[in-house]
Each structure stands twice: as structure tokens, then as C-alpha cells.
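Peer 1: Sharing a structure with you now.
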């Protein structure tokens, strides 16, 4: 109950000051060919819409004010080519590598716990590919399987952040859970610049936000680097199984790569799911555990203060690469991450990250490759 009161109070405070730190730009922005451009944007949506979000660029471990975004606003930021790192409040860090004469779009989204995370709009290829295939060829089993869709009561859900509804094997509706806008939708969002009151606010908060960033950055580098904290599995496909190389196997050989045995329990539990598949025609599966942090379960049940070390300690993160081989030839590959923290309601706090990863790997393997 304390969590609910805290969150409602936070949203009420945010609503009182939304939009006063930026001004609408009426002049046209001329882009230079030797520069790169990053457009930070927030769509026109009610959920989380009351909070002004403050964006900083990180240079030499110092935060530099960029823009304050209210609901239905975007800001075009001119940068040099290369890697750039940004910090957005309440807490999020995103890195992006940019090239000259290109424009990139970073969408800042609220998730289901009144927190915000950023993602690159262009990094949406898996969703686009799945929709295109389903529209062209229909909801065939092999297409649903290779994107790891799971059938629910009236639709199918995939960890690539996509829900589809099919009737008579035809795609009739889809829901992009990333909710990333199209280029046409982006261009309709008003462009803003930082107002004088925004500059004053940034200056007044810089010391406080610097301390928050320094605390969070240590945690982010260790746990959440480029992993969205969205409290559910998120899959990024590296190589889809094709008609030419997909076949069914009656055996599995599992190998793993671990860093100082971190994640050994996960490997053992995945392996136990496949012990019955001991035939001679074996599929080779390689599991690479990039990150494995179970988090502090007790803190996850009592955390109410975001941006605190208590909160950071509560977060569980797992990051795994899964590669499939047939006689040494890679036939499929994906990355799967999942995370959970203690800022939501009690039912969100159970650490299901371990079992979620096992379920996704098992489903993908059985549906695509097992006889």
C-alpha cells in the first residue's frame, strides 16, 4: 500500500510542473552532412505523461544538460560521429554509436512501474520482420515458432515485444509492445528547445543529479548496461532458422561459457530440461551467460525509494546468448535478457528471471528443432 501511495504522489507532483522547461521551435532545423543527429522524443500518451524527463549527455563521467521533455515533444540534438552516452531521469542510461549524415531516434517510454527507459527506434528490425512474414505468408506454425510466439487465450505473444492475433491462419491485428512510432508519427511531434526556466532548473539540480548519476552509473555498468528494465523477457534475434537449414533432431548436446562459474545453476537447470533428448542425431546448443545477478529478494519486497542503493541491490538481471549448431554450422542464434526490480506491486517482485530464461530457451528449442 505504501508503494501505491508513493507512486500516486510522485505522479501528482510531476503533473504540476510538466512542460514549463521547454519552448516550441518554429524555425526549420537545417542538418549538416558532416554531423549526426539524435532526436529524443516522447509520444502523446497519458500513461506517465505528467512527468518532465530530463536528458543529460555523459562526457568524461560528467553529466551535461541536453533537454527537458514533456508529453508529445521532441528535441533534435547535433553530435559528432562516434559513441555517445545519455542519462535520463528518473533513471536510465543508453549508449548509441552514430555515423555522419544520419539521424537516430531515441524514444523515452514509461513502463508498467512508472519508471522510464529509452530505446533506439531504429532497433526494431525483429518486429518488422515478423509482421512482414505474417502478413505475407499468414500465421504459419514455422513463422510463429522462429520468433518464439506462445499461444495465449486469444492471441500469441513473442519476447521480441510483439503480440499478434490470427484468424483462419491470417494476421488480423498486431500490437508492438515497444510502442515505437513510425517516421511519419515522429515528424508530427512538435520540436522544442530548452527554455530559460529549463536552464535554471538544470543548474539548480545539477549537483543532486550528478550524485544520483554517479551512484546509478556504477550499478548500470555492472548490471543493466544496455538492458531495458521492463520486468519481462526481451529477445533479440541474431540469426533466424531458414527453410534450408531447419530440421528436427532427437538428441541435444549442450555446451556453455561462463565467467567464473556465474550462472552455473542456470546452465544446470537448462541442461536438466533436455536430458531426455539423448538420440544420436544431436543438435548442438551453446549457452553463453553474459550476466547473472539474482538480486536481493528481501529488498525487492520492501523497496520504495527509486534511485537508491537499496533499490539497485534489489534488481535481478540475466543476459544470455543462445547459439544452435548443426555439425559446426550455426543455424540459429538469439540473445535473451530479463530483469525485475522492487518498485512495482507485490506480485511483480517475485524473482522469476531464472525460470523465464529457461522457459524461453526450452520453448524455442522444442518448437523449432525437436522431433
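Numbering (full-length UniProt numbering), first residue to last: 1 to 371.
Glycine included, each C-beta is placed from N, C-alpha and C at the ideal position.
Would residue 133 be called buried (16 or more neighbouring beta carbons within 10 Å of its own) or exposed?
Peer 2: The residue in question, residue 133, is buried, as its Cβ has 16 or more Cβ neighbours within 10 Å.
Peer 1: Nearest by alpha-carbon distance to residue 155: which of 136, 175, 267, 146 is it?
Peer 2: Looking at the Cα atoms, 175 is the closest of the given residues.
Peer 1: Below 6 Å CB to CB, which residues in the same chain sit around residue 213 once its five sequence neighbours on both sides are set aside?
Peer 2: Around residue 213: 63, 87.
Peer 1: Select from 192, 55, 61 the residue whose C-alpha is nearest the C-alpha of residue 221.
Peer 2: When only C-alpha atoms are compared, the closest one is 61.
Peer 1: Mind listing, in chain order, the continuous beta strand (DSSP E) runs of no fewer than 3 residues lying wholly within the region 249-336?
Peer 2: List check, beta strand (DSSP E) in window: 251-257, 282-293, 316-326.
Peer 1: To the nearest whole angstrom, what separates the beta carbons of residue 334 and residue 249, a pair I think is in contact under 8 Å?
Peer 2: About 18 Å separates the two Cβ atoms, so there is no contact after all.
Peer 1: By Cβ distance below 8 Å, which residues in the same chain neighbour residue 185 in space, the five residues on each side in sequence not counted?
Peer 2: Within the same chain, residue 185 has close Cβ partners 43.
Peer 1: Below 6 Å CB to CB, which residues in the same chain sit around residue 180 once its five sequence neighbours on both sides are set aside?
Peer 2: So the list reads 107, 121, 124, once near-sequence residues are dropped.
Peer 1: Ignoring anything shorter than 3 residues or poking outside the region 55-83, list the beta strand (DSSP E) runs there in chain order.
Peer 2: The qualifying runs are 62-69, 73-79.
Peer 1: Do the CB positions of residue 89 and residue 233 come within less than 7 Å of each other?
Peer 2: Going by C-beta atoms, residue 89 is not nearer than 7 Å to residue 233.
Peer 1: Could you give the first and the last residue of the continuous alpha helix (DSSP H) run that contains residue 204?
Peer 2: Residues 196-219.
Peer 1: Going by C-alpha distance, which of 158, 93, 247, 26 is nearest residue 336?
Peer 2: That would be 158, whose Cα lies nearest to the Cα of residue 336.
Peer 1: In this structure, does DSSP put residue 360 in helix, strand or coil?
Peer 2: DSSP places residue 360 in helix when its eight states are reduced to three.
Peer 1: Alpha carbon to alpha carbon, how far is residue 257 from residue 296? Give it in angstroms, no decimals.
Peer 2: Taking the straight line from one Cα to the other gives about 25 Å.
Peer 1: Can you check the region 105-158 for any beta strand (DSSP E) of at least 3 residues that lies completely inside it and give the ranges in chain order?
Peer 2: 116-120, 156-158, all fully within the region 105-158.
Peer 1: So, is residue 356 buried or exposed, given that buried needs 16 or more other C-beta atoms within 10 angstroms?
Peer 2: Counting Cβ neighbours within 10 Å, residue 356 comes out buried, since at least 16 surround it.
Peer 1: Please determine, among 196, 215, 243, 37, the residue with the shortest C-alpha to C-alpha distance to residue 81.
Peer 2: Among 196, 215, 243, 37, the Cα nearest to that of residue 81 belongs to 37.
Peer 1: Residue 73 and residue 190 look like a contact to me (Cβ under 8 Å); what is the Cβ gap, rounded to whole Å?
Peer 2: About 6 Å separates the two Cβ atoms, so the contact holds.
Peer 1: Where residue 278 and residue 242 are concerned, what is the direct C-alpha to C-alpha distance, given to the nearest angstrom?
Peer 2: About 24 Å.
Peer 1: When you compare each of 109, 164, 285 to residue 138 by their alpha carbons, which one comes out closest?
Peer 2: Among 109, 164, 285, the Cα nearest to that of residue 138 belongs to 164.
Peer 1: Got a sec? Which residues, its chain only, sit under 8 Å from residue 206 by beta carbon, not counting five neighbours each side?
Peer 2: Cβ neighbours of residue 206 beyond the five flanking positions: 63, 65.
Peer 1: In whole angstroms, give me the CA-to-CA distance for residue 224 and residue 317.
Peer 2: Roughly 7 Å between the two C-alpha positions.
Peer 1: Between which residues of its own chain and residue 284 is the CB-CB distance below 6 Å, once the five residues before and five after are set aside?
Peer 2: Around residue 284: 253, 325.
Peer 1: Taking just the CA atoms, how far does residue 211 sit from residue 130?
Peer 2: Approximately 42 Å between the Cα atoms of the pair.
Peer 1: Just how far apart, CA to CA, sit residue 141 and residue 93?
Peer 2: Computed Cα separation, rounded: 38 Å.
Peer 1: Can residue 34 and residue 99 be called in contact, C-beta distance under 7 Å?
Peer 2: Not in contact: residue 34 and residue 99 (Cβ atoms no closer than 7 Å).
Peer 1: Among the candidates 192, 202, 364, 166, whose CA atom is the shortest distance from the CA of residue 23?
Peer 2: Residue 192 is the option with its Cα nearest to residue 23.
Peer 1: Please go through the same chain and pick out, in chain order, the residues whose beta-carbon is closer than 8 Å to the beta-carbon of residue 143, but skip the five residues on each side of it.
Peer 2: The residues are 130, 133, 134, 137.
Peer 1: For residue 331 and residue 198, I'd like the C-alpha separation in whole angstroms.
Peer 2: Each residue's Cα considered, the two are about 52 Å apart.
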